[in-house]
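Everything on this sheet refers to the single structure shown next.
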Amino acid sequence: MPYKGTDQFSHNEPERLGVLVTNLGTPDAPTTPALRKYLAEFLWDPRVVEVPRPIWWLILHGIILRIRPRKSAQAYASVWQPEGSPLLIHTAKQAEGIREALKKKYGSNVVVGFAMRYGNPSISRVLEDMQQQGVRKLLVLPLYPQYSASTTASTFDAISADFTRRRWLPDFRFVSHYHDYPPYIEAMARHIEAHWANHGRHEKLILSYHGVPLKYLLKGDPYHCECHKTSRLLAERLGLGQDDYLTTFQSRFGREEWLQPYTDETLKSLPEKGVKSVDVFCPGFSSDCLETIEEINEENREYFMESGGEGFGYISCLNATPGHIDALVQLVEDNLEGWAVPDNSPNNLAARQKCAEARKQATFPGRTDI
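Take 1 as the starting number for the sequence shown in the UniProt record's numbering and just add one per residue.
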């Protein structure tokens, strides 16, 4: 099999350090065909659905992809913006914030890109672009604070699969989680406090995370534990008691048991228990997306208010707020520690070119094509 190299490669070209920010993904458009393509890629990932492939292929193509794309397209259309999906917009802004911060410190010697695990821009395409720019050291930051095999490990799978097709592999580091990273906890706490200062504070804070099947926890996935640790650290920073907040899980799919308590059922039950007002924040989502805007702020808001609730406050995700960008930049720099940023100054490049020419003539005298 031919391995991917660099176009018109020269051994004295500038070398750069790369930071690749990734997120889950998004369809290219809020249409049924685009959703069918996106869901086919997403739901076929064995990290996402751990069902024997022949059985799952029949279920996926025989039932799910015939029914779900149209419904999902309608939901995406309700949150779609002129620039694209909210997740795409926010992730691009987060990468740009990190890029600008690192550029001030390191100039053009650090390349920052962003990619989606499913959909576009694809991981493979962005890695190709980074290699063409001379990235020889690569840090990958999946924007999943809490580790799960269905998200974080799936991203690693995509990166490693791409590497198997490349001629020159970069030095490589991978941020597998940052659920208890102090700057991340602080950024969330200040974000929530700012919301309370501007909109008032309700009786109870609901911390809603994306759910996963219960069997993942029983097989050793740390996601459930990391979500609860994030909640505990955040509550401690906010000065909340045990009765002031709840950790719940949303977005379940299928008939099997998922992590509990479920966000929707919790919100439906709280008013009859005397809790008439809530604030909801989603610590596991780095960006607002369909699951936060439509599912939490619309669907679950309706569940709570129809069940007797009197006040519902949705606290947006951190998105590209300055506090979040600062935390992500610090996380990146902590994980780059020990890696020297390449020196691509004119004097250094000139010296490298002389060395390259000398080596070429000593090894291949008379050759002009290398």
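Note that the Cβ used here is the ideal one computed from N, Cα and C, for glycine as well. The structure displayed is predicted, hence computed values, not measured ones.
{"Item": "What span of residues does the beta strand (DSSP E) with Asn335 cover, start to end?", "Value": "That residue, Asn335, is in no beta strand (DSSP E); its alpha helix (DSSP H) goes 322 to 336."}
{"Item": "On the three-pair Cβ rule with 8 Å, is the region 85 to 103 touching the region 13 to 21?", "Value": "yes"}
{"Item": "Provide the residue span of the beta strand (DSSP E) that contains His210, from first to last.", "Value": "204 to 210"}
{"Item": "Per the DSSP calculation, residue 371 is bridged to which residue(s)?", "Value": "The structure shown does not extend to residue 371, since the chain is modelled only from 1 through 370, so no value can be given for it."}
{"Item": "Taking buried to mean at least 16 other C-beta atoms within 10 Å of its own C-beta, is Gln58 buried or exposed?", "Value": "The sequence shown places Leu at residue 58, not Gln. Label assigned to Leu58: exposed."}
{"Item": "By a C-beta neighbour count over all protein chains shown, 10 Å radius and 16 as the cutoff for buried, is Ile63 buried or exposed?", "Value": "exposed"}
{"Item": "Excluding the five sequence neighbours on either side, which residues of its own chain have a C-beta within less than 6 Å of the C-beta of Ser286, listed in chain order?", "Value": "Leu143"}
{"Item": "Starting from Pro142, trace the beta strand (DSSP E) both ways and give me its first and last residue.", "Value": "135 to 142"}
{"Item": "Provide the residue span of the alpha helix (DSSP H) that contains Phe42, from first to last.", "Value": "32 to 44"}
{"Item": "Would you tell me roughly how many angstroms separate the C-alpha atoms of Met116 and Asn319, rounded to the nearest one?", "Value": "16 Å"}
{"Item": "Note down the Cα distance separating Ile206 from Thr32, rounded to an integer number of angstroms.", "Value": "33 Å"}
{"Item": "For the 8 Å Cβ check, are there 3 or more pairs between the region 180 to 195 and the region 217 to 233?", "Value": "yes"}
{"Item": "Got a sec? Which residues, its chain only, sit under 8 Å from Gly274 by beta carbon, not counting five neighbours each side?", "Value": "none"}
{"Item": "What does the alpha-carbon distance come out to for the pair Tyr184 and Glu236?", "Value": "14 Å"}
{"Item": "Applying the criterion that 16 or more other CB atoms from any shown protein chain within 10 Å of the CB defines a buried residue, is His199 buried or exposed?", "Value": "exposed"}
{"Item": "Does DSSP put Leu259 in a helix, a strand or coil?", "Value": "coil"}
{"Item": "Can you tell which of Ser154, Ala75, Gln146 has the C-alpha that lies nearest to the C-alpha of His179?", "Value": "Gln146"}
{"Item": "Only counting the same chain, and skipping five residues up and downstream in sequence, which positions put a Cβ closer than 6 Å to that of Leu217?", "Value": "His224"}
{"Item": "Tell me, please, whether the region 269 to 283 touches the region 299 to 315 by the rule of three or more beta-carbon pairs shorter than 8 Å.", "Value": "yes"}
{"Item": "Going by other Cβ atoms of all chains shown within 10 Å of its Cβ, with 16 needed for buried, is Trp258 buried or exposed?", "Value": "buried"}
{"Item": "With respect to the beta strand (DSSP E) encompassing Thr248, which residues constitute its N-terminal and C-terminal limits?", "Value": "245 to 250"}
{"Item": "Could you give the uninterrupted runs of the alpha helix (DSSP H) lying entirely in the region 168 to 207, keeping only those of 4 residues or more?", "Value": "182 to 199"}
{"Item": "Specify, as a first and last residue, the run of the beta strand (DSSP E) that Ser72 falls within.", "Value": "Run containing Ser72: none in the beta strand (DSSP E); it sits in the alpha helix (DSSP H), 65 to 79."}
{"Item": "Do the region 290 to 308 and the region 261 to 270 touch if we need at least three Cβ pairs shorter than 8 Å?", "Value": "yes"}
{"Item": "For the pair the region 145 to 161 and the region 46 to 61, tell me if three or more CB-CB distances fall below 8 Å.", "Value": "yes"}
{"Item": "Across the region 156 to 164 and the region 70 to 86, are there enough close Cβ pairs to call them in contact, namely three or more that are closer than 8 Å?", "Value": "no"}
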